[in-house]
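Chemist: Sharing a structure below in structure tokens format, with a few things to ask.
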Amino acid sequence: MQGVTKLSVQTLRGVGPKLAKKLAEYGIRYVEDLLFHLPLRYQDRTRITTIAAAREGHDLVIEGEVRAADVVFRRRRSLVVRLQDGTGMITLRFFHFSAAQKDSLQNGNRLRCFGQVRRGSSGLEMYHPEYRQVGEDNAPVEENLTPIYPTTEGIGQNKWRDLCQQALTRLHGTQVKELLPENSQYAYAMSNALQYLHTPPPDAPLAELGEGNHPAQLRLALEELVAHNLSLFRLREGQRKAGAPPLPHNTEQLDVFFNSLPFTATAAQQRVLREIRADLARCIPMMRLVQGDVGSGKTLVAAGAALQAIGNGYQVAMMAPTEILAEQHWRSFSDWFEPLGISMEWLSGRSKGSRRSKALNRIANGKASLTIGTHALFQDDVAFAKLGLVIVDEQHRFGVHQRLALTHKALPEQGQPHQLIMTATPIPRTLSMVAYADLDCSVIDELPPGRATVTTVLVDNKRRDKVIQRVAAACEEGRQAFWVCTLIEESDALQVQAAQATAAELRTLLGHLRIGLVHGRMKPVDKEIVMAAFKAGELSLLVATTVIEVGVDVPNASLMVIENPERLGLAQLHQLRGRVGRGTQASHCVLLYQTPLSDNSRQRLSVLRESSDGFYIAERDLEQRGPGEVLGTRQTGLMAFRVAELPAHGHLLDEVQSLAETIRRDFPENVDLLIQRWTGSRQQFAKV
Ligand code: ADP
Ligand code: MG
């Protein structure tokens, strides 16, 4: 019997069916769940600060007498209250107020206020402080720091405080079950940690708590990461149990293929391919992530894997995140596989009508050995006769669920298809240990020989003319260049406008050059025509939005200009830059920034100037932007931890792994309890 865990939230004071339903939407059903609804931050309302000691930017409690309360009409109508204590005077400003409120603020009334101190037109001010009237009798201030909870519409902070306090009272005496083995480095009893975090004493180290480095937080973060690890592991076990068709080696066909290439595979490509081929031969599904910097030649490795599956009479599905990229794969694989007599099929969002039904037919009756496409591949009406291998390119663009959806395309009696996932976003070890704990990892840590590194420079947009001249000079020499317009990522429309305007500008200035434009709002056919022309060398300059980010391969392009690089993450810039330097010519990347450039941004961008190592850059990016950004927004659901934060808690990960192993081996009964406790709800609360 675990006491608290079994009690419904409805047993708490003030929780009826309606509130219970609302809490349940967020995964809070039992009293114990409330204890794991942890504060985001704290306010110190335990002391009254004198007005003389109040400092701008701080959240403070002050107490004083009303000296004046007037409605003023400067710019906006507002209620201005002057409050005085023995040490000084401060102004309270209300932009929304009622007549009754004004009337209650009589001269001489004593108020206790809580709010942020700012500098206003009359000196120090507080806007809309929380306040209440107090007598002379020194009504007590708060005993503990005041927690601020993550919240959702309709549940106020006071409600959360009340609910969590009630839950803590219940906890008293019943104890929350300890689910980690006692020998953990971060021994801190679970109930004490929870008590502390919901009700920190007035002398609690606020800075440490703010950074998430308090031992009580580390204890919880550790357990949360362990729970996450256990749940990914279980997911993987489920897939293993389903089994997979063993696809043994067929070296002969592979030899024919490799001999037909104009180059030899790098040692890294060969090593990774060996790992994949060994996986494929087994009767448990491969779940392998191949990481390789842009240009490291992942496609070839994918081709080797595909050949092995096809040689065993199975079908292969290859999914890319964009049409452009899927089309590029289509071309590479046509070149490689058609001479070998392998039948291919294409499926994307724009496959329509009879063309689409014909494709679906060939996939369903097993005639198509390799199907290449976009996420159209995992739509409901796509069924494979005998799917043995799923290849997902640029995984960071897809969520885990999309990847899993594709594995369900195999018929149940055939087991799971093998999975090969490829990404050029190097994933720092800390992140991959957490985000991809369910995958085996291979790294292509070598570029094909003869690649020149890309020299990167930072240039002020004021010297745009010079940059344009340089582009012109390069193109006149027969080289090709990209001009990438980036804008606030979310605004596709603005990005397109910027690219159109820039293309017009460059066409005016460089009338003698053939200049193309591609952006995400163009019809796929039109995009393809422009890309093909650029690839064929018919265009010398390509103005583009970030649609060219992934995978596009034009070896003769040796110059790239990126506008507003300060708005993009380092990993994304590195990806973009990887579009040049694919041939043997010395290549250049110009980061054309807008002034003023903050010191921080300058420092960030210099990382690119100094390094061409995708892993190093990704580590820096992770430090600066956090995992949600680095993995891409679609992954953030996975990374929505309650307490744990990466990379800040990266130092816990070794212990996380060994604890998870110990628990699986010695305390298997705790696995479910841990997963339930921490990953029961995936819903995100708004940050306040
Ligand atoms: P990415 O890892 O970025 O997907 P690609 O697979 O697109 O890289 O390969 C980039 C380019 O390098 C392609 O033109 C490809 O044909 C070429 N390539 C791949 N492997 C080798 C190799 N071993 N030697 C020379 N060129 C190679
Ligand atoms: Mg690629």
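Residues in the sequence shown are numbered consecutively from 16, following my numbering.
Don't be surprised by glycine CBs; every beta carbon is placed ideally from N, CA and C.
None of the values given here were measured: they were computed from a predicted structure.
Taking 8 Å as the threshold (C-beta atoms), are R365 and P300 in contact?
Modeler: No, the Cβ-Cβ distance between P300 and R365 is not below 8 Å.
Chemist: Going along the chain, which unbroken runs of the beta strand (DSSP E) with 3 or more residues stay wholly within the region 410 to 492?
Modeler: Within the region 410 to 492, the complete beta strand (DSSP E) runs of at least 3 residues are 433 to 438, 455 to 459 and 469 to 475.
Chemist: Would you mind sorting S113 into buried or exposed? The rule is 16 or more other CB atoms within 10 Å of its CB.
Modeler: Looking at its Cβ environment, which holds fewer than 16 other Cβ atoms inside 10 Å, S113 is exposed.
Chemist: Only counting runs of 3 or more residues, tell me where the beta strand (DSSP E) segments fall wholly within the region 127 to 200, in order along the chain.
Modeler: If we require 3 residues or more, the beta strand (DSSP E) runs fully inside the region 127 to 200 come out as 138 to 142, 145 to 148 and 161 to 163.
Chemist: What span of residues does the beta strand (DSSP E) with G388 cover, start to end?
Modeler: It spans L385 to G388 - the beta strand (DSSP E) in which G388 sits, taken as one unbroken run.
Chemist: I need the DSSP call for E238, collapsed to helix, strand or coil.
Modeler: Helix at E238.
Chemist: Please check if any C-beta of chain D sits within less than 8 Å of the C-beta of T26.
Modeler: In summary, chain D is missing from the structure at hand, where a single protein chain is found.
Chemist: Alpha carbons only, please: which of D628, L315, H527 and R286 is nearest the one belonging to P443?
Modeler: Nearest option by C-alpha distance: D628.
Chemist: Give every residue of the same chain whose Cβ lies closer than 6 Å to the Cβ of I503, excluding the five residues on either side of it in the sequence, and list them in chain order.
Modeler: Bear in mind that a pLDDT of 48 at I503, under 50, signals an unreliable position, so the model cannot answer this.
Chemist: I think V482 touches L607, with their Cβ atoms under 8 Å apart; what is that distance to the nearest whole Å?
Modeler: With a Cβ gap of about 6 Å, V482 and L607 count as contacting.
Chemist: Based on the DSSP output, what are the partners of F352 in its beta bridges?
Modeler: Its beta-bridge partners do not exist; DSSP assigns none.
Chemist: Compute the Euclidean distance between the alpha carbons of R649 and V499, then round it to the nearest angstrom.
Modeler: Below a pLDDT of 50, predicted positions are generally treated as unreliable, and R649, at 38, falls in that range; the measurement from the model is reported next regardless. Approximately 24 Å between the Cα atoms of the pair.
Chemist: In this structure, does DSSP put E71 in helix, strand or coil?
Modeler: Note: E71 maps to coil in three-state DSSP.
Chemist: Scan the region 299 to 332 and note each continuous beta strand (DSSP E) run of 3 residues or more that stays entirely inside, going in chain order.
Modeler: Fully enclosed beta strand (DSSP E) runs of 3 or longer: 302 to 307.
Chemist: Who does V671 pair with in a DSSP beta bridge?
Modeler: For V671, which the question treats as bridged, DSSP gives no partner whatsoever.
Chemist: Please confirm if the region 124 to 142 is in contact with the region 165 to 172, defined as three or more CB-CB distances below 8 Å between the two stretches.
Modeler: Cβ pair count under 8 Å is below three, so no.
Chemist: Mind checking whether the beta-carbon of V309 lies closer than 7 Å to any heavy atom of the ligand ADP?
Modeler: Within the cutoff, so yes.
Chemist: Classify G326: buried if its beta carbon has 16 or more other beta carbons within 10 angstroms, exposed otherwise.
Modeler: G326 should be labelled buried.
Chemist: Within a Cβ cutoff of 7 Å, which residues of the same chain sit near E505, ignoring the five residues on either side of it in sequence?
Modeler: Residue placement at E505 is flagged as unreliable, the pLDDT there being 49, under the threshold of 50; the coordinate-derived value follows with that caveat. Within the same chain, E505 has no close Cβ partners at all.
Chemist: Can the beta-carbon of T389 be found less than 8 Å from the beta-carbon of A341?
Modeler: Cβ atoms of T389 and A341: closer than 8 Å.
Chemist: Looking at the structure shown, is Y41 part of a helix, part of a strand, or coil, going by DSSP?
Modeler: If DSSP states are grouped into helix, strand and coil, Y41 belongs with coil.
Chemist: Quick one: what's got a C-beta closer than 7 Å to P683's C-beta in the same chain, skipping five residues either side?
Modeler: No residues qualify anywhere along the chain.
Chemist: Relative to the C-alpha of V474, which candidate in L53, N579, A317 and Q284 has its C-alpha closest?
Modeler: Cα-wise, what sits closest to V474 is N579.
Chemist: Which two residues bound the contiguous alpha helix (DSSP H) that contains S369?
Modeler: Its alpha helix (DSSP H) spans residues G368 to A379.
Chemist: May I have the straight-line CA-CA distance separating S447 from T106, to the nearest angstrom?
Modeler: So the alpha carbons of these two residues sit roughly 51 Å apart.
Chemist: Would K424 pass as a contact of A398 if the rule is Cβ separation under 8 Å?
Modeler: The answer is yes: Cβ separation under 8 Å.
Chemist: For E660, does the three-state DSSP call read helix, strand or coil?
Modeler: Correct three-state label for E660: coil.
Chemist: Can you look up T651 in the DSSP assignment and give me helix, strand or coil?
Modeler: With a pLDDT of 38 at T651, under the threshold of 50, the modelled position of that residue is not reliable, and the figure given next carries that caveat. Note: T651 maps to coil in three-state DSSP.
Chemist: Can you name the start and end residues of the beta strand (DSSP E) that E578 belongs to?
Modeler: Unbroken beta strand (DSSP E) run through E578: A572 to E578.
Chemist: Could you check where the beta strand (DSSP E) with D396 kicks off and where it finishes?
Modeler: Per DSSP, D396 belongs to no beta strand (DSSP E) and is neither H nor E.
Chemist: Inspect the beta-carbon positions of T560 and V486 and report whether they are closer than 8 Å.
Modeler: No. Outside cutoff.
Chemist: Give the range of the alpha helix (DSSP H) segment to which R286 is assigned.
Modeler: That run of the alpha helix (DSSP H) goes A282 to L295.
Chemist: Using a threshold of 8 Å, state whether the C-beta atoms of L532 and A514 are closer than that.
Modeler: Yes, Cβ-Cβ distance for L532 and A514 is below 8 Å.
Chemist: I believe V686 touches L240 by the beta-carbon criterion, under 8 Å. Please report the beta-carbon distance rounded to the nearest angstrom.
Modeler: Contact flag wrong, Cβ pair sits at about 14 Å.
Chemist: Less than 7 Å between the CB of P15 and some heavy atom of the ligand ADP, yes or no?
Modeler: The structure shown has nothing for residue 15, since the chain only spans 16 to 703.
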